[in-house]
Amino acid sequence: MTAVLEKTARGGLANMVGSALAGGAGVVVTWIVARTLGAEQAGAFFAATAAFVLGGGLAKLGTQTGLVYWPARLRATGREHLLGACLRAGLLPVAGLSVLLAAAMWVAAPELARITAHEAADVVGAHTTGLRVLAVFLPLQALTDALLTATRGYHAMRPTVLVDRVLRSTLQMALVGWAGVAALWTAGSLPTLALAWAAPYLPVTVLAAYALRKLYRAGKPPGVTTHRVERRGMRRDFWRFTGPRALASVAQLAVQRVDVLLVAALGGLAAAAIYAVAGRFVVLIQFANQGISQSVQPRLAEALATGDRATANRLYQTATGWLVLVTWPISLLVILLAPTYLRIFGEHYTSGATVVVVLAGAMLVATGCGMVDMVLAMAGKTSWNLVNVLIALAVTIGLDVLLIPRLGALGAAIGLAGAMLANNLLPLVQVGRAVGLHPFGRGTRTAALLAAGCFGVLAPLVATVTVAGAVVVAVAVYVAGAWRWRDHLELDAFTKIRRTR
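With our numbering applied, the sequence shown corresponds to residues 15 to 515, in that order.
Here's what the structure looks like:
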């Protein structure tokens, strides 16, 4: 079990470092867009990228779970000869559907622009062009994610970190920065920024395909052929597992992205810009969640496939402790410093302080549950996962439609917070009752108490005297506390990596 934790820590650490870079680059991109464009054009940009990510998520058909679950399961059960059939079963439908959805987005761009920019007629033309620019790159986005997901099924975290987290994020930040400077002297800045943001998907798709091809060839058993019946059975089993998850992943992405579109349509582009900027810290937390869960996912799938519930539970609890340790300080600090955080993007965004507080509170609950939806899926309960996500989607859309016309961005924040609670508390109960797993181990409790004490109690007390001093003192005490209780937090898995190197 110790060796499993060390390997998980190695992959998780690399992924978290890459995720920190990607999250930081995302904040920089948001800052450039918010500062370069007016509130209405910035809202149009965020609405267009939300539609782009939503379309790409639909094209992936839930394979981000199946392309980890099945390679890990096949390797754990000695059926490596079916890996080729498994990869083709997942990747070919993604390629085909992504092209169709890109064409649909191109055709629907004028109408989508009119719906989301109805109160800003002068933005509709640029908004339409931006949507069409993004539509061209939609297949590349879907394929990049699917290809890198498959590499993680081989326990390979390096392609995800280097290609997606580091290269794509760095290129996006550099190109958007260049486009932002150029936009100060040229017209049509929204389409230019959209092109700069999407263009990095071209090289990263090529590199992701190369990485998967290399892994597949290295792991392919020599001299073993598969029969048509086996390949057909593999496709059937793959989509029997992935089918419910395909709908769930689309609904999950809709929970995360449809709110921006609804704010633009019901509250205006300026409100959409405030909401997108206020919630940007959530992306940092989501990247941290991905960094840890993507490392845990294949090993958790193997443990559950072989019936090793003890290993699965320890992996889940340890990973949740690490997640709380990393993310709770972020949520508690943005609650404390909400106006200061928003002032970075411009004075007119400070009205979103309440939005920040609502979303940060919901993120504390969500991260405290760990990657519970992934655990439920790896246990084979993808149909349960689908029901949970559909309930969360209904909650967010219902609350958005009810509250956005009256509260604007705050209404969308309440809707997303309600969806987060539903999408974490429901599977938490299901995982506990049906699988016998829960995230509340010694590490999770230690991390939660330490974060709450340092950033929820100590920092606000010191902030009455000096805000900067509050952050310094809280961080110092937090680091010391994490070192003092490192055995509870299983941090020795990281120190052993350092000694080995």
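Glycine included, each C-beta is placed from N, C-alpha and C at the ideal position.
Because the structure is a prediction, the values reported are computed rather than measured.
- Taking 9 Å as the cut-off, the beta carbon of residue 335 is found closer than this to the beta carbon of residue 458.
- Counting only residues of its own chain and dropping the five nearest sequence neighbours on each side, residue 357 has a CB closer than 7 Å to the CB of 364.
- Counting C-beta pairs with one atom in each stretch, the segment 149-169 and the segment 221-233 have three or more that are closer than 8 Å, which means they touch.
- The beta carbon of residue 289 sits closer than 6 Å to those of 277, 423 and 426, all from its chain and outside the five residues before and after it, given in chain order.
- Per DSSP, residue 230 is one residue of the alpha helix (DSSP H) stretching across 215-233.
- Membership of residue 397 in the alpha helix (DSSP H) is indicated by the continuous run 396-421.
- Contact between the segment 392-411 and the segment 250-260 is present: three or more C-beta pairs spanning the two stretches fall below 8 Å.
- CA-CA distance, residue 163 to residue 59, rounds to 27 Å.
- Collapsing the DSSP output to three states places residue 500 in coil.
- The three-state secondary structure of residue 383, taken from DSSP, is coil.
- Contact annotation: the segment 319-327 does not touch the segment 283-298, with fewer than three C-beta pairs closer than 8 Å.
- Note that the C-beta distance between residue 310 and residue 207 is not below 9 Å.
- Around the CB of residue 482, fewer than 16 other CB atoms lie within 10 Å, so the residue is classed as exposed.
- Shown here for residue 226: same chain residues with a beta carbon closer than 7 Å to its own, the five before and five after excluded, namely 161, 164 and 165 in chain order.
- A contact between stretches requires three or more CB pairs, one per stretch, nearer than 8 Å, and the segment 432-451 meets this requirement with the segment 403-415.
- In the DSSP assignment, residue 89 falls within the unbroken alpha helix (DSSP H) covering 77-90.
- When DSSP assignments are scanned along the segment 153-197, the uninterrupted stretches of alpha helix (DSSP H) that are 4 or more residues long and fall wholly within it turn out to be 183-197.
- Residue 218 is positioned such that its CB atom lies closer than 9 Å to that of residue 182.
- Within 10 angstroms of the beta-carbon of residue 464 lie 16 or more other beta-carbons, which makes it buried.
- Cβ atoms of residue 215 and residue 151 come within 8 Å of each other, at about 5 Å.
- Scanning its chain for C-beta atoms nearer than 8 Å, with the 5 sequence neighbours on each side dropped, one finds no residue around residue 254.
- For residue 52, the three-state secondary structure derived from DSSP is coil.
- Taking C-beta separations shorter than 7 Å and ignoring five residues to either side along the sequence, the partners of residue 54 in its chain run 134, 137, 283 and 284, following chain order.
- Pairing residue 446 with residue 453, the inter-Cα distance amounts to about 9 Å.
- A Cβ-Cβ contact shorter than 9 Å links residue 177 with residue 158.
- In terms of CA proximity to residue 139, 123 leads the group 153, 475 and 123.
- Under a 10 Å Cβ-count criterion, residue 492 is classified as buried, with 16 or more other Cβ atoms of the shown protein chains found around its own Cβ.
- For residue 363, no alpha helix (DSSP H) encloses it, and the DSSP letter there is neither H nor E.
- For residue 301, the uninterrupted alpha helix (DSSP H) run begins and ends at 294-319, by DSSP.
- Straight across, the Cα-Cα distance linking residue 44 with residue 340 is about 22 Å.
- Looking at 343, 368 and 318, the one whose alpha-carbon comes closest to that of residue 488 is 343.
- For residue 115, the uninterrupted alpha helix (DSSP H) run begins and ends at 97-130, by DSSP.
- Taking the CA atoms as reference points, residue 102 sits about 12 Å from residue 80.
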